[in-house]
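Asker: For the numbering used here, count along the sequence shown from 1 and bump the result up by 976. Positions of the beta carbon are idealized from the N, C-alpha and C atoms, including for glycine.
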Amino acid sequence: MSELYHSTLRIPAGLERRELTLLEIRARSVPGVVSALAGDDGNLSIYHQDLNARMALKTMLGKAGLASRKKNLASLETNPESEARSCKINALISLGGFAALELVRRAAPSVFSSLSLVRSAFVLLIARGIIRNGVEGLIREHTPNADTLTSTAVVASLLAGKPESSLSLLVLSNFAEMLSLSAAEKARRHISHLLGMKEKFVWKLVDGVVNKVPINEVKAGDQVAAYLGEKISVDGVVVSGTASVDQSSLTGEYVPVFKAQGDRVFAGTVVQSGQIVIQACKVGDETNLARIINMVENAQNRRAPVQNFADRMASMLVPISFVAAGLVYVATRDVQRVLNMFFIDYSCGLKLSTATAISSAISKAASIGVLVKGGNFIENLSDVDTVVFDKTGTITSGHPEVTGIVTAPGVGEEELVRLSAAAERNSSHPLAESVLGYARQKNFSVPENAVAETVVGRGISARIPAKDGTEDLVLVGSRIFMEENGVSDLDRLIIPEGSWNVFYAARNGRALGAVLISDPIRKDLKRAINRLRREGIDEILMLTGDSRQNAEAVTRQLDLDGCQSDMLPQDKADFIARKQIGSRVLMVGDGINDAPALAYADIGVAMGGKSTDIALESADITITSDEPLKLPEVLSLSRRTMNLVRQNFAITIAVNSIALLLGALGRINPLLAATIHNTSTVAVVINSSRLLFEKTNIEKSHHQGDATKNQISLRS
């Protein structure tokens, strides 16, 4: 791997948060740039592989600064909130002007007639933005857009001597656009509202004294206090106190987690009871919360293919209105019918509803603890037909437990566990930790003065003081290790078949017994697999580096369609690549060894709050907790989203086509035509936004659980 450099570049002043997000996206697209993060301190922190990348970034930042100084930030991204406000102002002005002109027309018809030029000038003033966008689109893209249509309608109404018809339609159009943009912006802001940390101050400990200080003064290594009802502002480790912490904003799990000394806590979580002192490990933009918000905001700007398709279709359908207008004029010479054609278009409904649906889906997923890196992954996820799981840490919990004890005749369980734990006391092997944990659970006293020697790949040899003053030679390890050391009575031990690891223990050459250790399957994983099948998944497989015997036992237990065992990371990636021939593959993993396979799959999912950083970077979707049921939930969400998009396509095209036909036949007037068009646009945008308010199965189960608890408390 090439050497990695770290640089910090100054960001030009005047850029807003959304513009900084776009700046990060553009920076990451520069060749040689591995990572880029815009901090609140006004610096862009980058990791890059060569110095040319740094120079390219400096040039890009210089251009951004020039754009900022010229107040031309619209080239970075349009501000929907500002657009909605502008539409509202235009709508109110046009409504007031229309009402005033209508009063003049009724009270003084002669004066009204004499104000023909004033009326036309007022309409042109209200429509100036639409006309400008329509002309610019025509010049820049060499094709008409929706604003080109509206501009043509305004000009046609002026030439026909009926500017008021355009004015009434502009009122309606501005109000409709304001509502549509507001709905879309609400979807975009949903995640920031959900996760945003509004705390400006924290309680910082300095020499044992608690002081209230601005949050930007806290650095890694500082100690801060969090009290009842407060939101934790740093990622860190509890150094004193205990508390019940609500982590639902990060994990989607609504059951509070008990935190005590040595436990990790995260920014954005809330202390529900108790109080704790935390040593900060990450602050500001380095926290898990900031990373999540940044990931979701970036996802909002990564377009799904269906959005590009909607844009292309909208552009293709705009000329149809011009052709229809020409044909209607040739056939009828009726200006009113021609105006009908100009005030109906497909582009608004297609573009806005699709963007809102994708944005709503990303935000909804984040609300249950699932981070989707872009709209394109929502669309790709909906087409998945094959799911491949890693075993250790994904299907299983990653924490081996003692599941059985087999003792030799005349040997008790306590004796076997005590001696095994004594030999394993200083070992860091996961199996050793499980034996020591079992001994603590059973309250067995473990000898402390063992002198142990590890034999790599075999086991442990330990000398343990006996009660009579002598020493016992205790061996703990594999069957081969036992046989190599002359332990010959192993056949007396009857080891049941199953998906567990077996290690033997012997004392002074005689077998004491065996300990069976297995990595338990995650809670609710079987239910998650059943729900995946109900979602239409054709094949569910498992990949593992574990032995074939253990892999097949897990496969039978979960009723999977197949498994591959003894696999290295590159083997997993090769398997995924082969499987993609004829299938859309989703890979679920959690560790470094899963990263290549996650990157190869059509959709890579990192599952679990302890997923490694490299797995999170390689994955397209991250499930921030250890709850497998979120996988079928986000799959269902993606399919509902794409169904909504297709539904909105059908509604937009059908309603506007019917309106065009009625307008051509003269069955409706221009005002009614525009009303139908704008109402359908608002309707499909609201239809897309409802994803935000639908309760997922996970949220429903939490709600039912809370209701049950309330009923129990009322009875008691």
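Would V1564 be called buried (16 or more neighbouring beta carbons within 10 Å of its own) or exposed?
Answerer: The residue in question, V1564, is buried, as its Cβ has 16 or more Cβ neighbours within 10 Å.
Asker: Specify the secondary structure class of T984 as computed by DSSP and reduced to three states.
Answerer: Three-state DSSP puts T984 in a strand.
Asker: Put G1212 into one of helix, strand or coil per three-state DSSP.
Answerer: Looking at G1212 - three-state DSSP - the assignment turns out to be strand.
Asker: Near A1553, what residues of its chain come up, given a Cβ to Cβ distance below 7 Å and the 5 sequence neighbours on each side ignored?
Answerer: Correct list, in chain order: Y1576.
Asker: Can the beta-carbon of Q1255 be found less than 8 Å from the beta-carbon of V1215?
Answerer: Yes, the pair counts as a contact, with Cβ atoms nearer than the cut-off.
Asker: Please confirm whether S1559 and S1358 have their CB atoms less than 8 Å apart.
Answerer: In this structure, S1358 does not lie closer than 8 Å to S1559 by Cβ.
Asker: Mark L1143 as exposed unless 16 or more other C-beta atoms lie within 10 angstroms of its C-beta, in which case mark it buried.
Answerer: Flag for L1143 reads buried.
Asker: Would you say R1434 touches the ligand PLP, meaning its beta carbon is less than 7 Å from a heavy atom?
Answerer: For the ligand PLP, the structure offers nothing, since it holds no ligand at all.
Asker: State the DSSP-derived secondary structure class of M1317, mapped to helix, strand or coil.
Answerer: Helix, per DSSP.
Asker: Reducing DSSP to helix, strand and coil, say where Y1414 ends up.
Answerer: Y1414: helix per DSSP, three-state reduction.
Asker: Based on Cα-Cα distance, which residue from L1395, V1463, S1062 and T984 lies nearest to N1425?
Answerer: With distances taken between Cα atoms, N1425 lies closest to L1395.
Asker: Locate the alpha helix (DSSP H) running through A1337, then write down its first and last residues.
Answerer: From DSSP, the alpha helix (DSSP H) with A1337 extends over S1323 to S1343.
Asker: Under 8 Å by Cβ, that's how I've got T1332 and V1661 pegged, so tell me the actual separation to the nearest angstrom.
Answerer: Right, the Cβ-Cβ distance comes to about 5 Å (below 8 Å), so this counts as a contact.
Asker: Mapping the DSSP letters down to three states, classify E1447 as helix, strand or coil.
Answerer: If DSSP states are grouped into helix, strand and coil, E1447 belongs with the strands.
Asker: Using only the alpha-carbon positions, how far apart do S1339 and V1364 sit?
Answerer: When rounded, the distance between both Cα atoms is 26 Å.
Asker: Where do the ends of the alpha helix (DSSP H) carrying L1637 lie?
Answerer: L1637 -> alpha helix (DSSP H) spans K1606 to A1640.
Asker: Use the C-beta contact count for Q1546: other C-beta atoms within 10 angstroms, 16 or more gives buried, fewer gives exposed.
Answerer: Exposed, since its Cβ has fewer than 16 Cβ neighbours within 10 Å.
Asker: To the nearest angstrom, report how far apart S983 and K1258 are at their CA atoms.
Answerer: Each residue's Cα considered, the two are about 19 Å apart.
Asker: Nearest to E1447 by alpha carbon, out of R1483, E1429, G1462 and G1413?
Answerer: Nearest option by C-alpha distance: R1483.
Asker: Using 8 Å for Cβ pairs, my map puts S1373 next to P1496. What's the rounded Cβ distance?
Answerer: Between P1496 and S1373 the Cβ distance is about 5 Å, and since that is below 8 Å, they are a contact.
Asker: If you compare alpha carbons, which of Y1203, S1410, V1178 and Q1199 is closest to I1191?
Answerer: Considering only alpha carbons, the answer is V1178.
Asker: Quick check for students: name the residue ranges of the alpha helix (DSSP H) that lie wholly in the segment 1061-1098, counting only runs of 4 or more.
Answerer: With a minimum length of 4 residues, the continuous alpha helix (DSSP H) runs that stay inside the segment 1061-1098 are 1085-1090.
Asker: List the DSSP bridge partners of L1519.
Answerer: According to DSSP, which records beta bridges pairwise, L1519 is partnered with D1366 and Q1540.
Asker: L1042 to K1671, Cα distance in whole Å?
Answerer: The predicted position of L1042 is uncertain, since its pLDDT is 41 and thus under 50; no value can be drawn from it.
Asker: Taking only three categories from DSSP, how would you classify L1013?
Answerer: L1013 falls in the strand class under three-state DSSP.
Asker: Consult DSSP for V1719 and reduce its assignment to one of helix, strand or coil.
Answerer: Any property of residue 1719 remains undetermined from this structure, which presents the chain solely from 977 to 1692.
Asker: DSSP three-state call for I1662: helix, strand or coil?
Answerer: DSSP places I1662 in helix when its eight states are reduced to three.
Asker: Going by CA-CA distance only, name the one from P1085, S1096, F1285 and S1090 that's closest to V1070.
Answerer: Note that residue 1070 is Ser in the sequence shown here, rather than Val. Residue S1096 is the option with its Cα nearest to S1070.
Asker: Drop a sphere of 10 angstroms on the beta-carbon of H1653, count the other beta-carbons inside from all chains shown, and report buried for 16 or more, exposed for fewer.
Answerer: Its Cβ being crowded by 16 or more others within 10 Å, H1653 is buried.
Asker: Tell whether a beta-carbon distance below 8 Å holds between S1494 and T1520.
Answerer: The answer is no: Cβ separation not under 8 Å.
Asker: Give the C-beta separation of L1638 and I1644 to the nearest angstrom, bearing in mind that I take them to be a contact with Cβ-Cβ under 8 Å.
Answerer: With 8 Å as the limit, L1638 and I1644 qualify as a contact, their Cβ atoms being about 5 Å apart.
Asker: Am I right that L1013 and S1021 are in contact with their C-beta atoms under 8 Å? What's the rounded C-beta distance?
Answerer: So it is a contact: roughly 5 Å between Cβ atoms.
Asker: Helix, strand or coil for L1303? Go by DSSP, reduced to three states.
Answerer: Looking at L1303 - three-state DSSP - the assignment turns out to be helix.
Asker: Shortest alpha-carbon distance to I1334 belongs to which of I987, R986, R1002 and S1665?
Answerer: Among I987, R986, R1002 and S1665, the Cα nearest to that of I1334 belongs to S1665.
Asker: Please state if the CB of I1597 and the CB of F1242 are separated by a distance shorter than 8 Å.
Answerer: Not closer than 8 Å, so no.
Asker: What did DSSP end up calling I1513 once you bin it into helix, strand or coil?
Answerer: The answer is coil: DSSP assigns I1513 none of H, G, I, E or B.
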